[in-house]
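So the sequence shown is residues 4 to 106, counted in our numbering.
Where a beta carbon is used, it is the ideal one built from N, C-alpha and C, also for glycine.
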Amino acid sequence: MQPGPRCLAAAKCCVPFASSGVIFLAFIGTLLNKQPLYVIGVDKPSEAAKQCFAAAWMYITIVILSVVTLAWDKLQQRDRPKSGFGVPAYGAIGGAVNYKNEL
4 MQPGPRCLAA AKCCVPFASS GVIFLAFIGT LLNKQPLYVI GVDKPSEAAK QCFAAAWMYI
64 TIVILSVVTL AWDKLQQRDR PKSGFGVPAY GAIGGAVNYK NEL
(Lines of atoms letter the chains of each structure in order from A and count residues from 1; the text may use other names and numbers.)
(Lines give C-alpha, C1' and ligand atoms only; values in the text may rest on other atoms or scores of the structure.)
Protein backbone atom coordinates (compact mmCIF):
# COMPACT_ATOMS: atom_id res chain seq x y z
CA MET A 1 0.00 0.00 0.00
CA GLN A 2 1.38 3.36 -1.03
CA PRO A 3 0.46 6.80 0.32
CA GLY A 4 -1.75 8.75 -2.04
CA PRO A 5 -0.94 12.13 -3.56
CA ARG A 6 -3.10 13.98 -1.02
CA CYS A 7 -1.29 12.27 1.84
CA LEU A 8 2.08 13.24 0.38
CA ALA A 9 1.00 16.83 -0.22
CA ALA A 10 -0.26 17.08 3.36
CA ALA A 11 3.00 15.63 4.69
CA LYS A 12 5.07 18.08 2.64
CA CYS A 13 2.94 20.94 3.94
CA CYS A 14 2.91 19.76 7.56
CA VAL A 15 6.67 19.43 7.98
CA PRO A 16 7.58 23.15 7.74
CA PHE A 17 4.44 24.42 9.50
CA ALA A 18 4.60 21.93 12.37
CA SER A 19 8.35 22.51 12.73
CA SER A 20 7.80 26.24 13.07
CA GLY A 21 5.02 25.50 15.58
CA VAL A 22 7.41 23.42 17.68
CA ILE A 23 9.99 26.21 17.70
CA PHE A 24 7.41 28.89 18.54
CA LEU A 25 5.72 26.91 21.31
CA ALA A 26 9.04 25.90 22.85
CA PHE A 27 10.10 29.56 22.79
CA ILE A 28 6.86 30.73 24.45
CA GLY A 29 7.03 27.90 27.03
CA THR A 30 10.61 28.81 27.90
CA LEU A 31 9.68 32.48 28.06
CA LEU A 32 6.82 31.68 30.44
CA ASN A 33 9.17 29.65 32.65
CA LYS A 34 12.10 32.07 32.72
CA GLN A 35 10.54 35.54 32.28
CA PRO A 36 6.75 35.40 32.81
CA LEU A 37 6.51 39.20 33.02
CA TYR A 38 7.16 39.49 29.28
CA VAL A 39 3.88 37.71 28.50
CA ILE A 40 0.93 39.86 29.46
CA GLY A 41 -2.41 38.43 30.57
CA VAL A 42 -1.31 35.01 31.83
CA ASP A 43 -2.57 34.26 35.34
CA LYS A 44 -0.63 31.01 35.92
CA PRO A 45 2.56 31.12 33.84
CA SER A 46 3.87 27.73 35.02
CA GLU A 47 0.63 26.00 33.97
CA ALA A 48 0.63 27.87 30.65
CA ALA A 49 4.25 26.81 30.06
CA LYS A 50 3.31 23.16 30.63
CA GLN A 51 0.49 23.51 28.11
CA CYS A 52 2.88 25.07 25.57
CA PHE A 53 5.31 22.20 25.96
CA ALA A 54 2.48 19.66 25.67
CA ALA A 55 1.33 21.27 22.43
CA ALA A 56 4.93 21.31 21.17
CA TRP A 57 5.10 17.54 21.74
CA MET A 58 1.93 17.13 19.69
CA TYR A 59 3.52 19.09 16.86
CA ILE A 60 6.69 16.98 17.14
CA THR A 61 4.49 13.90 16.67
CA ILE A 62 3.04 15.43 13.49
CA VAL A 63 6.53 16.23 12.19
CA ILE A 64 7.70 12.67 12.85
CA LEU A 65 4.64 11.14 11.16
CA SER A 66 5.06 13.42 8.15
CA VAL A 67 8.76 12.64 7.79
CA VAL A 68 8.07 8.90 8.10
CA THR A 69 5.36 9.18 5.42
CA LEU A 70 7.71 11.00 3.05
CA ALA A 71 10.54 8.53 3.72
CA TRP A 72 8.22 5.57 3.20
CA ASP A 73 7.05 7.02 -0.12
CA LYS A 74 10.67 7.56 -1.15
CA LEU A 75 11.46 3.91 -0.39
CA GLN A 76 8.38 2.72 -2.27
CA GLN A 77 9.36 4.64 -5.42
CA ARG A 78 11.71 1.82 -6.43
CA ASP A 79 8.72 -0.43 -7.13
CA ARG A 80 6.64 2.29 -8.77
CA PRO A 81 6.67 2.81 -12.56
CA LYS A 82 8.76 5.76 -13.72
CA SER A 83 5.99 7.42 -15.75
CA GLY A 84 4.01 8.75 -12.79
CA PHE A 85 1.97 7.93 -9.73
CA GLY A 86 -0.37 5.03 -10.47
CA VAL A 87 0.19 5.16 -14.25
CA PRO A 88 1.88 2.12 -15.77
CA ALA A 89 5.07 2.66 -17.73
CA TYR A 90 4.87 2.72 -21.55
CA GLY A 91 4.51 -0.77 -22.89
CA ALA A 92 4.02 -2.32 -19.45
CA ILE A 93 0.51 -3.55 -20.20
CA GLY A 94 0.67 -5.15 -23.62
CA GLY A 95 4.25 -4.80 -24.80
CA ALA A 96 5.39 -2.55 -27.60
CA VAL A 97 2.82 -1.10 -29.98
CA ASN A 98 3.30 -1.52 -33.72
CA TYR A 99 2.28 1.62 -35.60
CA LYS A 100 3.11 0.36 -39.12
CA ASN A 101 0.23 0.41 -41.53
CA GLU A 102 0.20 -3.16 -42.80
CA LEU A 103 -2.24 -3.81 -45.63
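Of 28, 39, 43, 19, the smallest CA-CA separation from residue 57 is found for 28. The C-beta separation of residue 35 from residue 51 comes to about 5 angstroms, placing the pair in contact by the 8 angstroms criterion. Separation of residue 9 and residue 17 (C-alpha to C-alpha, rounded to the nearest whole angstrom) is 12 angstroms.
Looking at 73, 78, 79, the one whose alpha-carbon comes closest to that of residue 12 is 73.
A straight-line Cα-Cα distance of about 9 angstroms links residue 80 and residue 5.
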